[in-house]
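Take a look at the structure below.
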Amino acid sequence: MIIGLFNYWIVVILMMSGLYIVIAHGNLIKKLVGLTIFQTSVFIFYISIANIEGADAPILADSINQYSNPLPHVLILTAIVVGIATTALGLALVVRIKTAYGTIEEETIQQLDNQSSQSKQNNDAKEQA
Amino acid sequence: MIAHLTILQVVIPLSAAPICVILKRSKLVWLFAVLVSAITFLISLALLQQVLNTDVISYQLGGWQPPWGIEYKIDKLNALLLLIISSISTIVLLASQKSIEKEIPQDKHTLFYILYLLSLTGMLGIVATGDAFNVFVFLEISSLSAYALIALGKDRQALWASFQYLILGTIGATFILIGVGLMYQMTGTLNMLDLAQHLPEVAQTKTVYTAYAFIVAGLCLKLAMFPLHLWLPNAYAYAPSVVTAFFAATATKVAIYLLIRFTFSVFGFSFSFTTIPLQTLLMALGLAGIFIASISAIYQSNIKLLFAYSSIAQIGYMIVGFSLATAAGLTATLLHLFNHALMKSAIFLALGALMYKLGSVHIDNFKGLGRKMPFTMAAIVIGGLSLIGVPLTVGFISKWYLVKALLAQGWWPIAVLILLGSMLAVIYVWKIVEAAYFYPANAAPKQIEEAPALILIPTWLLVLANVYFGIDTSLTVEVSKAAAESLFGSTP
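Keeping their order, the protein sequence lines are chains C and S. When we follow my numbering, the leftmost residue of the first sequence carries the number 1, and every step to the right adds one. When we follow my numbering, the leftmost residue of the second sequence carries the number 1001, and every step to the right adds one.
Dropping the structure here:
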């Protein structure tokens, strides 16, 4: 039972640890790493679906009678590209956040945002007075 | 040509996006983008016409037979959504040239139009396709460009809002991907129609339950249903004005479309509502969303943030209609989908005009604007009345149908709650009216004038549509009803 579903256990463990990292860590880079692990677990999941016991890779040859399902591989190739694009965009945003805020810690960014909205209100109050 | 309209709807904006790089000059790119968007609008009109006459259009990509090849499928529901997306996109693009002049640096204008067209492609693709995996791909095309568009906002908060949206949006999309994978594992097919035929055979397995749970959770993140809405307020508030107007009208609507599509067409009505207590759950969360988001809206002093919270509340109304699981409830949801797109895009475009003139949408800046910018403020007020649901505006029509659907089920306490929720909208809209019309203007030295016509005309087109579809409901009600009934008819 446990051995037979080995792949899927790995998928579940990776998925959960990825999500945990996204939620628990305040560092934006670590968040992105968690997100990537989370997405990678899904790639492994799709590839596991495609596997057929005793089957070979889907290459046309006389000696091969049973093929693995190629479709999930093709699908997940697309998803990998999407994943790379997401990570790249996320990292680009982190670079911009670093220049704009001077930090990549979630808590500090939150604080800076609160401060700036408060100082805006104070300025408005002064203008009115 | 006519036979290929379905695919051209997606291919035209997709191939137009890279052409923008060659055109380079801001004004030229703008004209090109408007033209492309207008073409998709005309195509969606033609598709709607065709669907109303013939029922369903099926397009086989590359001539491959459906369960194996990718199929694009347009029925009345798709056609309605395509019409909403392409029409709002065209009108918003018209206003964008003036609006982004103030909010985005000159050298990024071309990039803005490219991202906008890609986002449009993604949304049109999600709606047009009949393939479950294609949905994921287009979802990511539209989302990735959305993150970049939001990050173009001029405050640094835009970057942070975009990052948060990226994290939550990716988790949502990946959940959908897992759900699609589980469905494929059980049935061996990705075509929605084929899935609908094969899923009942395996409906009692844990895998199918899990697949449905993942898909619903992922979509609820994408459509910003309370309490999964945390990414939305900041993303809408700090994005460039035109981007907010476009997304408020379309992005969440597309996710609601997917929820309807997966629930009714793919998994089937009986599976979704009988084996899983979806009705109670969604009804409760929808109502909680209406009240909590409306109350949060009342306390906002940034008006864009105020209307962003109001958007979450309006999504609550759609979810309540959806959770009724009757044709009447679904009709109300679809009507509100269309009508809310009209209201919110009108309001956010008017706010864009304010941004253009004042550079801020803080409530204090609204004082005395009723006299100085009469057309802009009137647009916001009419949009606000529509949000409340005053007769002769579209908001009244959708709430009327929602309450009627609730009463048909005998759920009058919920109908009362819906009306109470509308009262909350009165409070936050009144806040703006009071500031604009009942206070003297701030002693600002600079003269404030009416916004440029290039923003005002598109805004007023949407405002007039708000009134027109509030009086002549034949098109919207007929299409929504037909779409809702065909969804119920198709389920065994």
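Using N, Cα and C, we set each Cβ at its ideal position, and we do this for glycine too.
- Judged by their CB atoms, THR86/C and LEU1115/S are not nearer to each other than the 8 Å cut-off.
- Here the C-alpha atom of VAL82/C lies approximately 14 Å from the C-alpha atom of HIS73/C.
- The Cβ atoms of VAL1243/S and LEU1149/S lie closer than 8 Å to each other.
- Contact residues of the segment 1127-1141 of chain S toward chain C are PHE1133, PHE1136, VAL1137 and GLU1140 (C-beta to C-beta distance below 8 Å).
- Within the segment 1208-1254 of chain S, the complete alpha helix (DSSP H) runs of at least 4 residues fall at 1232-1238.
- Annotation for PHE1032/S: ALA1016, ILE1019, CYS1020, LEU1023 and TYR1113 place their beta carbon closer than 8 Å to its own, counting only its chain and skipping 5 residues before and after.
- Taking the beta carbon of TYR1184/S as reference, the chain C residues within 9 Å of it are TYR46, ILE49, LEU71, PRO72 and LEU75, listed in sequence order.
- Less than 8 Å divides the Cβ of LEU1120/S from the Cβ of SER1089/S.
- Apart from sequence neighbours up to five positions away, the residues of its chain that approach TYR1309/S with a beta-carbon distance below 8 Å are PRO1233, ALA1293, SER1294, SER1296, ALA1297 and GLN1300, ordered along the chain.
- With respect to chain S, the C-beta atom of VAL12/C has no partner C-beta closer than 8 Å.
- Spatial neighbours of LEU1014/S in its own chain (CB-CB distance under 6 Å, excluding positions within 5 residues in sequence) are listed in chain order as THR1121.
- Bridge partners of GLN1060/S according to DSSP: GLU1071/S.
- For the segment 22-56 of chain C, the continuous alpha helix (DSSP H) assignments of 4+ residues that do not extend past its boundaries occur at 28-50, in sequence order.
- CA-to-CA, the gap between LEU1456/S and VAL1381/S works out to about 14 Å.
- At a cut-off of 8 Å between C-beta atoms, TYR67/C does not count as an interface residue with respect to chain S.
- In the DSSP annotation of this structure, the continuous segment of the alpha helix (DSSP H) that includes SER1015/S starts and ends at 1005-1023.
- Assigned with DSSP and collapsed to three states, ASP62/C falls in coil, not helix or strand.
- Of SER1323/S, PHE1247/S, LYS1108/S and HIS1362/S, the smallest CA-CA separation from ASN1302/S is found for HIS1362/S.
- By the neighbour-count criterion, in which a residue is buried when 16 or more other Cβ atoms sit within 10 angstroms of its Cβ, ILE13/C is exposed.
- VAL94/C is a Cβ neighbour of ILE29/C, given a cutoff of 8 Å.
- In the three-state DSSP reduction, TYR1439/S falls in the coil class, being neither helix nor strand.
- What PHE38/C touches in chain S, judged by beta-carbon distance under 9 Å, is THR1170, ILE1171 and THR1174, going in chain order.
- Close partners of ALA55/C in chain S (Cβ separation under 8 Å) are lacking, with about 15 Å as the shortest Cβ gap.
- Residues of the same chain with a CB within less than 8 Å of the CB of TYR20/C, apart from the 5 flanking positions on each side, are GLY34 in chain order.
- As computed with DSSP, ASN1302/S is found in a beta bridge with HIS1362/S.
- When 8 Å is used as the limit between beta carbons, ALA85/C is near these residues of chain S: GLU1140 and LEU1144, in chain order.
- DSSP links GLU105/C through a beta bridge to ASN27/C.
- Under DSSP, ASN1191/S shares a beta bridge with ASP1131/S.
- In the DSSP annotation of this structure, the continuous segment of the alpha helix (DSSP H) that includes ALA1465/S starts and ends at 1453-1471.
- Relative to the Cα of GLY1395/S, the nearest Cα in the group ASP1055/S, TYR1468/S, ALA1378/S and HIS1229/S belongs to TYR1468/S.
- Pairing VAL1029/S with THR1110/S, the inter-Cα distance amounts to about 7 Å.
- Between the alpha carbons of THR1274/S and ILE1260/S lies a gap of roughly 16 Å.
- Note on the segment 1358-1419 of chain S: whole alpha helix (DSSP H) runs with a minimum of 4 residues are 1369-1372, 1374-1388 and 1394-1408, in chain order.
- Rounded to whole angstroms, the separation of the alpha carbons of VAL42/C and THR1189/S is 18 Å.
- For VAL1216/S, the closest alpha carbon among the candidates PRO1200/S, ILE1171/S, ALA1415/S and PHE1262/S is that of PHE1262/S.
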